[in-house]
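A.B. asks:
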Amino acid sequence: MDFNLSPEHLLIRKMMAEFTENEVKPIAAETDAKTLYPRENIEKLFDLGVMGMCIPKEYGGQGADPLASAICIEELSKQCASTGDIVATHNGLCCDPILTHGTEEQKAKYLPMLSTGHKVGAFALTEPNAGSDASKGQTEAKLEGDHYVMNGSKIFITNGYVADVFVVFAMTDKSKGTKGISAFIVESSFPGFSVGKHEEKMGLHGSPTAEIVFTDMIVPKENMLGREGKGFNIAMQTLDGGRIGIAAQSLGIAEGALEEAKAYTKGRVQFGKPISKFQNTQFTFADMELGCEAGRLLTYQAAMKKGSGERYTKEAAMAKLFCSEHAMKTTTKALQMFGGYGYTKDYPMERMMRDAKITEIYEGTSEVQRIVISANMGL
Ligand code: CAA
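Under UniProt numbering, residue 379 is the last one in the sequence shown; the count climbs by one each step, no gaps.
1) As a quick exercise: from Ala247, Lys333, Gln282 and Ile275, pick the residue whose alpha carbon is nearest that of alanine 294.
2) How long is the line joining the alpha carbons of phenylalanine 193 and glycine 117, rounded to whole angstroms?
3) Less than 7 Å between the CB of lysine 306 and some heavy atom of the ligand CAA, yes or no?
4) So, for serine 77: in the same chain, excluding its five sequence neighbours on each side, which residues have a beta-carbon less than 6 Å away from its beta-carbon?
5) Cβ of serine 366 within 7 Å of any heavy atom in the ligand CAA?
6) Near glutamine 369, which residues of its chain fall below 7 Å by C-beta distance, leaving aside the five closest residues on each side in sequence?
7) Quick one: complete beta strand (DSSP E) runs, 3+ long, within the stretch 174-222?
8) Hey, out of Gln62, Lys305 and Val24, whose CA is closest to proline 38's CA?
9) Look up alanine 170 in the DSSP assignment and say whether it is helix, strand or coil.
10) Just checking my contact of alanine 183 with valine 167 at CB under 8 Å: how many whole Å lie between their CB atoms?
11) In its own chain, which residues sit with a C-beta less than 8 Å from the C-beta of glutamate 222, not counting the 5 before and 5 after it?
12) Going by alpha carbons, who is nearest to glutamine 138 out of Met202, Thr365, Thr299 and Gly180?
13) Going residue by residue through the stretch 12-75, where are the continuous alpha helix (DSSP H) segments of at least 4 residues, counting only ones entirely within it?
14) If you draw a straight line from the alpha carbon of glycine 245 to that of alanine 81, how long is it in whole angstroms?
15) Cβ of alanine 134 versus every heavy atom of the ligand CAA: is any distance shorter than 7 Å?
16) Which of the three DSSP states, helix, strand or coil, is assigned to tyrosine 300?
17) Report the three-state DSSP secondary structure of glutamate 127 (helix, strand or coil).
18) Would you report the Cα separation of arginine 311 and alanine 235, rounded to the nearest angstrom?
19) Cβ atoms of alanine 170 and alanine 210: under 8 Å apart, would you say?
20) Apply the 10 Å Cβ neighbour rule to proline 208 and answer buried if 16 or more other Cβ atoms are within range, or exposed otherwise.
21) Can you give me the Cβ contacts of glutamate 228 inside the same chain, cut-off strictly under 7 Å, excluding the 5 residues immediately before and after it?
22) Rounded to whole angstroms, what is the Cα-Cα separation between alanine 302 and alanine 70?
23) Grouping DSSP H, G and I as helix and E and B as strand, with all else coil, what is tyrosine 110?
24) Quick one: any contact between the stretch 118-137 and the stretch 154-161, if contact means 3 or more CB pairs under 8 Å?
25) On the premise that proline 66 lies in contact with threonine 238, defined as a C-beta separation below 8 Å, what is that separation, rounded to the nearest angstrom?
26) So is the beta-carbon of glutamine 237 under 7 Å away from any non-hydrogen atom of the ligand CAA?
27) The beta strand (DSSP E) with glutamate 360 in it runs from where to where?
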């Protein structure tokens with residue numbers, strides 16, 4: 001596998017690094033402190049073609065590959081993991097399943113909205129009693145004439161209170177277990193759709209997480225995504241791709257923390273020399289750098305495999321598991337290098353550490369990634 005980035009990928013990285021420095025970094029602390037959805041930056045990301053960038057040009061997108069999307073999420077997350085998460089969810093969990101499983105009519109209707117139309121996307125699988133055991137959702141969709149009537153609720157939905165388009169999973173035949181789950185494209189304007197509790201989270205404050213509720217919600221029959229009963233497979237396949245996004249996000253968090261710590265330790269003098277000159281600091285940096293390099297290779301490998309149409313379930317899980325655990329380790333160690341200052345809100349370390357934690361939990365916990373990896377080892 002060739003890991004040299006193409007001129008196009010290098011250009012995308014440069015563009016996103018500049019955008020992150022000029023637009024994302026200046027508001028990252030306030031976004032966190034005030035729990036603000038970074039609306040203006042998301043609008044600018046639509047204008048730049050980053051939102052829905054893998055959507056083919058015929059539907060308004062850029063026709064970019066999964067590696068390009070991963071690079072964007074990585075760069076944004078170096079300064080604001082919330083912004084990275086909003087993009088990762090929109091691109092990986094909403095645009096991707098509609099592109100992969102949608103009918104021509106569905107693609108023609110929804111993909112332009114999600115690229116040039118500035119409509120934000122989300123993915124609704126998790127329920128109060130169906131987290132890691134994703135197949136146990138109780139949301140039901142009953143066919144009545146030319147539409148389904150959906151009842152139930154979903155929790156922890158990223159982009160939940162800002163999204164316009166949701167990919168939702170519901171039981172269409174309770175007697176069939178996972179084969180009774182179907183996927184639907186739902187609009188927030190559908191009668192019976194409502195937003196419930198806005199979650200107050202430890203981190204990722206700029207990423208809008210909410211419960212969504214369906215009360216006798218009318219879903220047109222033609223909004224079923226993929227075939228009836230194929231919803232669980234669609235959810236799993238979508239999460240394979242989504243996990244590359246979270247790998248890229250957590251990689252970006254680790255890289256951002258590493259850069260902040262390098263700059264700080266070079267300037268912080270204790271015991272007569274910059275603390276970057278102590279071997280203890282240097283060995284810690286060596287481990288951080290090694291993990292970022294390994295995580296980058298795993299993430300880009302998974303993205304390239306997805307781009308080439310190969311199966312990449314195991315690679316995506318490995319990348320997500322490794323990068324999220326490395327982000328947690330790196331932010332914790334980087335904060336330690338800042339000493340007492342790291343524990344204050346004068347520096348971004350405590351925010352980065354809080355943001356890193358969720359990457360070990362959502363889109364499949366670290367334990368679920370180990371299930372997925374071992375299930376794909378021919379044991
Ligand atoms: N691609 C396609 N199909 C897949 C698949 C994949 N990667 N993995 C499994 N399947 C299929 C299987 O082939 C099987 O299909 P058949 O019955 O047709 O053979 C079916 O799915 C059931 O497979 P399993 O028996 O392996 O499923 P399971 O119930 O044992 O679950 C699991 C396995 C890996 C634990 C899965 O439940 C899982 O990934 N759980 C975690 C869920 C998760 O990541 N949730 C995150 C929610 S989204 C989110 O966080 C975003 C947000 O907005 C915050």
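Backbone N, C-alpha and C fix where the C-beta goes; we use that ideal spot for every residue, glycine too.
Nothing here was measured: the structure is a model prediction, and the numbers come from that model.
C.D. replies: Quick look at the numbers:
1) Ala247
2) 21 Å
3) No, Cβ of lysine 306 sits at least 7 Å from all heavy atoms of the ligand CAA.
4) Gly84, Gln249, Gly252 and Ile253
5) no
6) Ala317, Lys320 and Leu321
7) 181-187, 193-198 and 209-220
8) Val24
9) When secondary structure is reduced to three states using DSSP, alanine 170 falls in the strand class.
10) 6 Å
11) Thr103, Glu105 and Gln106
12) Sorting Met202, Thr365, Thr299 and Gly180 by C-alpha distance to the C-alpha of glutamine 138 places Gly180 at the top.
13) 25-33 and 39-47
14) 11 Å
15) yes
16) Helix at tyrosine 300.
17) In the structure shown, glutamate 127 sits in a strand (DSSP, three-state: E or B).
18) 15 Å
19) No, they are not a contact pair.
20) buried
21) Thr172 and Ser182
22) A direct Cα-to-Cα measurement between alanine 302 and alanine 70 gives close to 10 Å.
23) helix
24) yes
25) 13 Å between Cβ atoms; not a contact.
26) yes
27) From DSSP, glutamate 360 is part of no beta strand (DSSP E); its letter is neither H nor E.
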